[in-house]
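Heads up: the sequence shown at position 291 corresponds to 1448 in this note's numbering, and the numbers run straight through without jumps.
Glycine included, C-beta positions come from ideal geometry on N, C-alpha and C.
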Amino acid sequence: MARAKKTVKVDNKKLIIEAFSEMAREKSIDRDLLQGIVEETLSLMVKKKYGQDSNFDIIVNMEKGDIEIYLMREIVEEVENPELQISAAEVQEKTGEEPEIGDEHIEEITLENIADSFGRRLIAQAIQTLNQRIRDVEKDNIFDEFSKRVGEVIVGEIYQVRPNNILVMLDKVEMRLPREEQIPNERLKKNQQVKAIIKEVRRSGGATGLPDIILSRSDDSFMRRLFEQEIPEIYDGIIELRASAREPGERAKVAVTSFDERVDPVGACVGMKGIRIHAIVRELNNENIDIIEYTDDQRLFIARALSPAKVRDVQIDAEGRHATVIVPDDQVSLAIGKNGQNVRLASKLTGYSLSLVKEGAEDIELIEFRDELGRDLYEALIQQGIDTCREFLEANPAMLLSIPGLDHAKIVEVRTIMLDEFEEREDQAYLAVLEQVANGTLPEADEAAGDEASDELAESYAEDTPEVFAVDEDEEPAAVAEGDESAPSDDDTPQE
């Protein structure tokens, strides 16, 4: 004889209480707000089933797990308005009692009979609507929370590395670190803890449909926040970070000032044995950082910004925000920096457009003509030690012609542009030697003479024209973090 199948009684109220509690906790949704969403969803379901003008009450008690719907309709002999009326025959069929015409019939719908009253399809639609409303609230909560945290440094865990993005998880919220906001040449791996600044929050655009939270490690503000975290004097307001300029992953310049004459701003940022600045440098993937003391004297500020180079004089045009800096011959390469990096950062830091001139003669950086030369040709000339226009104009013709992309016509074209800038005339003797070298008609026996001719051409310029200065990579400035452990001096010479 077959055994009777036991039915397991499910406590629906307990399940509802647990489900509501878990949803409120995981989605960070207020319980009262969640209760309102449930009531709104049930209201839409009733209106769809019984009509927009139907008369009903909904009771949702999340503490007890009660969900009840009371539908109220007038008992009539013949129904004219189904939304507000019900026939006496239908009431008698449901209750088994003979109703009185004109009375109000109250139909109670609970969890036990909700499926019979609305049907599976309508309930499925209601569940879908409920989930969508909860997602919308979750989106709004995330957007509101992180919009207030823009500019804040967070520490998250990398959970996915993509070609153009790195996805970071923080408190179960997905964030995005785009390639352009990463430090160049930095390799981040899955499950690694990463520190970044919240740069922007967009209401939509995320992979999951949630707000798109953009992180950055290359933004200047990220470095400034690191200074605030690592240097208590900056956080407390004793030292102020007045300006900063940065080329992520390579080099940065920071100008600081102290409101307390007893506190040396540069020494405080460096720390004992460089411990403070080392922490920032490591976080920025060993990015070199120059720390200088800010001053209201713009001429002195510009001179310090060009450190480690020592300049001779600074002439400024305050209205045009332009400055001409006189630099000794042996300091030119330091002032310009690798590929013009030092002068470029100094310009960003001070807010002035800087023109470097060698001491004793007018000169222009070669970087000013990068657009005319093209990036590849410009870098090739830098590799040959040609940093300024004068150095190009004085260069040996054979050496110039050996550079890829430079032929006779191109050299003449570039010389014409540069000489027009100096308001000087072309040297016909140089052009003659250039043409002979280009055509291969310069006798081999005269090779030495050709070099001498180049020297004579150089002397044909102003008597104080400086000699060619080749860039030596070994002379590249070290970061403050890598520098001397001794305390910074009070000298006006820019400190590193």
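- If only complete runs of 4 or more residues are kept, the stretch 1385-1446 shows the alpha helix (DSSP H) at 1389-1393, 1422-1427 and 1432-1440, in order along the chain.
- In this structure, M1380 sits away from S1361, with a CB-CB distance that is not shorter than 8 Å.
- Taking 8 Å as the cut-off, the Cβ atoms of V1500 and I1483 do not count as close.
- In the same chain as K1410, and ignoring 5 residues on each side of it, the C-beta atoms closer than 6 Å to its own belong to A1402, D1447, L1502 and L1506, in chain order.
- Cβ contact annotation for V1195 (same chain, cutoff 6 Å, sequence separation greater than five): V1217, in chain order.
- Under a 10 Å Cβ-count criterion, N1445 is classified as buried, with 16 or more other Cβ atoms of the shown protein chains found around its own Cβ.
- Looking from the CA of I1215, the closest CA among G1193, V1233, V1236 and K1205 belongs to G1193.
- Excluding the 5 residues flanking it on each side, R1336 has same chain C-beta neighbours closer than 6 Å at N1321, in chain order.
- Secondary structure of S1375 (DSSP, three-state): coil.
- Across the set R1277, D1486 and V1471, the C-alpha of V1471 shows the shortest separation from the C-alpha of H1479.
- Straight through space, the alpha carbons of M1229 and I1263 are spaced by roughly 5 Å.
- Here the stretch 1530-1550 makes contact with the stretch 1566-1582; the two share three or more CB pairs at distances below 8 Å.
- For the stretch 1331-1364, the full-length beta strand (DSSP E) segments reaching 3 residues or more read 1350-1359 along the chain.
- Taking the C-beta atoms as reference points, I1560 is found no nearer than 8 Å to L1530.
- One alpha carbon belongs to K1346, the other to S1510, and they sit about 40 Å apart.
- Here I1395 really is in contact with S1415; their C-beta atoms are around 7 Å apart, less than 8 Å.
- Between A1245 and E1234, the gap from beta carbon to beta carbon is short of 8 Å.
- In the three-state reduction of the DSSP assignment, V1248 falls in the helix class, which pools H, G and I.
- The Cβ neighbour count for E1390, taken over all protein chains shown within 10 Å, is at least 16; the residue is labelled buried.
- Annotated three-state conformation of Y1207 is helix, per DSSP.
- Per DSSP, A1281 has no beta-bridge partner at all.
- Annotation: the continuous alpha helix (DSSP H) that includes Q1540 extends over R1532 to Q1540.
- Rounded to the nearest whole angstrom, the C-alpha separation of L1588 and D1520 is 21 Å.
- Across the structure, G1428 and V1330 are spaced so that their CA atoms are roughly 36 Å apart.
- Of the residues L1491, I1459, G1494 and G1497, the one whose Cα lies closest to the Cα of T1481 is I1459.
- Inter-residue distance for Q1289 and L1199 is about 14 Å (C-alpha atoms, whole angstroms).
- Three or more beta-carbon pairs separated by less than 8 Å are not found between the stretch 1486-1494 and the stretch 1435-1442, which leaves the two stretches without contact.
- Distance from the CA of L1201 to the CA of A1283, rounded to the nearest whole angstrom, comes to 8 Å.
- Residues of the same chain with a CB within less than 8 Å of the CB of E1261, apart from the 5 flanking positions on each side, are M1229, R1230, E1231 and I1232 in chain order.
- Spanning the alpha carbons of I1449 and I1370 requires a straight line of approximately 34 Å.
- A straight-line Cα-Cα distance of about 9 Å links S1373 and I1340.
- The DSSP assignment places 1470-1474, 1479-1484 and 1510-1515 as complete runs of the beta strand (DSSP E) inside the stretch 1466-1540, in order along the chain (cut-off: 3 residues).
- Straight-line spacing of the CA atoms in R1461 and P1422 works out to 14 Å.
- Leaving aside the five residues that flank V1594 on each side, the residues in its chain whose CB is nearer than 8 Å to its CB run, in chain order, P1554, A1555, L1558 and G1607.
- DSSP places D1214 in the uninterrupted beta strand (DSSP E) bounded by N1212 to N1218.
- Separation of S1375 and D1393 (C-alpha to C-alpha, rounded to the nearest whole angstrom) is 25 Å.
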